[in-house]
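Presented below is the structure to which this report refers.
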Amino acid sequence: MSLSHFSAMLLFSLFTSVVFGITQRAQPRMMIRFGAFCFALFVGGTIAASWLMWAIKR
């Protein structure tokens with residue numbers, strides 16, 4: 002199975018966010034909210050970092 006960098010980042014973000022949501026919150030509703038928040042931060046942070054590295058390279 003061959004993954005692109007983007008799909009590998011999405012899979013990592015998804016699995017890590019699920020673990021963070023389950024281990025860091027007690028109520029199921031808060032688990033989902035925190036997991037979604039972590040997923041958004043992972044994906045947004047990675048995209049922002051990639052644009053920053055692209056800008057530095059140019």
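My numbering numbers the first residue of the sequence shown as 2 and each following residue consecutively. Just so you know, even glycine gets a beta-carbon here, dropped at the ideal spot from N, CA and C. Keep in mind the model is a prediction, meaning the values are calculated, not measured.
In three-state terms, what does DSSP make of residue i?
i	result
S51	helix
Q28	coil
Look at residue i and residue j and say whether their C-beta atoms are less than 8 Å apart.
i	j	result
F35	Q25	yes
I23	M32	yes
Given a threshold of 16 other Cβ atoms within 10 Å of its Cβ, counted over all protein chains shown, does residue i qualify as buried or as exposed?
i	result
S14	buried
S8	exposed
Using 8 Å for Cβ pairs, my map puts residue i next to residue j. What's the rounded Cβ distance?
i	j	result
F21	C39	5 Å
S18	F43	7 Å
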